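One structure below.
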Amino acid sequence: MDIYDIYEIGSGNFHKVFEDTKNKLIARGLLDNKVKKVFPRYPTGIAIITSLSGSVYKDILKIISRRFPVRNVGIFNCAVQGNKCADTIIKQLKLLEKVDDYEIIIIARGGGSLDDLIGYNNEKLANEIFNSKKPVVTAIGHETDTTICDLVSDFRAATPSEAAEFITPNIIDVKEEIENTKVYLKKDFKSKIDKFRNILIHVNQDIEINSPKNKLKELSQKIYFHKKNYVNNITNIKTNYNANLKELFYILKNNNPYEKIKRTLELVENKRVILEQSKEKIMESVRQELVFLTNTAESVNPENVLERGYSLTYDSNGNVITKSSSVKKDDIITSRLSKGLIKSKVLLKNDK
């Protein structure tokens with residue numbers, strides 16, 4: 019008698035297939051935690067691959083309905099034992115790759131013997147689970163049973179009910195989180211509105227302070243004060259000049275000798291010349307200051323700016339338009355030129 023191979027029957031055959039397939043997948047890196055897919059936090063579609071003749075899918079639906087009612091839940095029938103088990107699951111996985119309604123896949127079956135679970139140790143099935151673009155949860159057999167599908171899936175649940183709980187958030191927690199987010203967003207929105215309101219107030223104040231109207235007013239005040247100082251200086255010069263003349267005439271009147279008169283006249287003449295020179299210098303300085311201020315006022319005068327080819331544009335409310343975002347398409351705007359007005363209609367604008 020020749021013996022070519024020896025293997026265990028019953029549960030031993032399950033373990034042999036399991037270990038052989040497991041070692042192959044480890045060598046290929048399919049069981050590495052780094053390649054596990056991430057589950058969506060709030061799923062909108064769940065596909066359940068199980069037998070329609072069993073009660074597993076009912077338990078899963080009950081948990082999903084209680085925890086987080088999902089818009090799309092689909093039941094995809096498969097054989098859960100026997101020769102057709104792996105092939106029917108692979109067929110449903112391939113189908114789900116073409117469907118966009120489901121984000122998560124559950125592969126589940128109830129308890130059974132190890133031989134009943136041998137289809138879940140199929141290498142082709144393991145490859146299909148690994149290559150699925152959608153995360154896969156497995157809940158196969160008893161809590162103590164482990165299959166190749168469990169190892170290669172993105173999460174292994176001990177029971178179908180645990181699988182349903184794992185992929186769905188608690189609706190109570192979700193509602194609380196939404197309320198907390200609403201409160202936060204409301205506070206954040208109010209804070210941003212207050213911040214931008216303050217910025218707008220400061221910008222409007224700066225615009226008001228630096229407007230041509232205020233600049234002209236400021237220059238007018240400077241011209242007024244300089245003119246007033248000029249008049250006061252001329253008056254003071256005239257007063258001092260007359261006082262000095264009176265003093266000199268008094269001296270002349272009380273000192274009759276010729277030499278005294280001559281020296282006095284020379285003194286008078288010198289003082290007169292000095293006073294005249296001082297008067298001319300002061301008047302020239304004041305004149306130059308007036309010319310400078312007048313030229314400055316002329317340069318910022320809106321009328322003179324318009325003479326150089328510029329224009330002022332107003333919206334329908336009479337407000338000056340400083341940026342294109344202040345108007346909309348088809349608005350009627352008015353442009354003031356140095357001579358006359360032009361009314362226009364906004365056909366195109368560029369806010370950049």
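Going by our numbering, the first residue of the sequence shown is number 19, and it counts up by one from there. Cβ coordinates follow ideal geometry from the N, Cα and C atoms, glycine included. Source: prediction; values computed, not measured.
Output the boundary residues of the alpha helix (DSSP H) element that contains Y75.
For the purposes of this step, residue 75 is taken as the residue at position 57 of the sequence shown. Here the alpha helix (DSSP H) through Y75 covers V74 to R85.
Can you confirm whether the stretch 186 to 201 touches the stretch 137 to 148 when touching is taken to mean that 3 or more C-beta pairs between the two stretches lie within less than 8 Å?
Flag = no, the stretch 137 to 148 and the stretch 186 to 201 do not touch.
Span separating the alpha-carbon of I78 from that of I123
The residue labelled residue 78 in the question sits at position 60 within the sequence shown. The residue labelled residue 123 in the question sits at position 105 within the sequence shown. Approximately 12 Å, taken between the alpha carbons.
Rounded to whole angstroms, what's the CA-CA distance from K142 to D119? Just pull it up for me.
Here the question's residue 142 lines up with position 124 in the sequence shown. Here the question's residue 119 lines up with position 101 in the sequence shown. C-alpha separation (whole angstroms): 25 Å.
Does the distance from the C-beta atom of I351 to that of D369 stay below 8 Å?
Here the question's residue 351 lines up with position 333 in the sequence shown. Here the question's residue 369 lines up with position 351 in the sequence shown. No, Cβ-Cβ distance for I351 and D369 is not below 8 Å.
Among E161, N337 and L218, which residue has its Cα nearest to the Cα of A131?
By one-based count along the sequence shown, residue 131 stands at place 113. Here the sequence assigns Ser to residue 131, which means Ala is not the residue at that position. Among E161, N337 and L218, the Cα nearest to that of S131 is on E161.
Quick one: grab the DSSP three-state call for N95.
As a first step, residue 95 is located in the sequence shown; it is residue number 77 there, counting from the start. Residue state, collapsed to three classes: strand.
Residues in its own chain within less than 7 Å of V345 by CB, not counting five upstream and five downstream?
Here the question's residue 345 lines up with position 327 in the sequence shown. D333, I339, I351, V364 and K367.
According to the Cβ coordinates, are E121 and T62 closer than 8 Å?
The residue labelled residue 121 in the question sits at position 103 within the sequence shown. The residue labelled residue 62 in the question sits at position 44 within the sequence shown. Closer than 8 Å, so yes.
Check the DSSP bridge columns for E217 and list the partner residues they point to.
For the purposes of this step, residue 217 is taken as the residue at position 199 of the sequence shown. Correcting the residue type first, residue 217 is Ile in the shown sequence and not Glu. In the DSSP assignment, I217 is bridged to no other residue.
Please classify G336: is it buried, with 16 or more other beta-carbons within 10 angstroms of its beta-carbon, or exposed?
On the sequence shown, position 318 is the one that residue 336 refers to. G336 should be labelled exposed.
Residues bridged to S362 [DSSP beta-bridge criterion]:
Taking the first residue of the sequence shown as position 1, residue 362 is located at position 344. Bridge partners of S362: I351.
Could you spell out the range, first to last residue, of the beta strand (DSSP E) harbouring A175?
Locating residue 175 in the sequence shown gives position 157, where the first residue counts as 1. Element bounds for A175: n/a, residue is neither H nor E.
What do you get for L169, buried or exposed, if any count of 16 or more other CB atoms within 10 angstroms of its CB means buried?
Sequence index remark: in the sequence shown, residue 169 carries index 151 (1-based). Counting Cβ neighbours within 10 Å, L169 comes out buried, since at least 16 surround it.
8 Å contact criterion, which L114 and K152 should meet: CB distance rounded:
Looking up residue 114 in the sequence shown gives position 96. Looking up residue 152 in the sequence shown gives position 134. Right, the Cβ-Cβ distance comes to about 7 Å (below 8 Å), so this counts as a contact.
So which of N232, Y268, P230 and Y60 has the shortest CA-CA distance to R85?
Counting from one through the sequence shown, the residue named residue 85 turns up at place 67. Of N232, Y268, P230 and Y60, the residue nearest in Cα terms is Y60.
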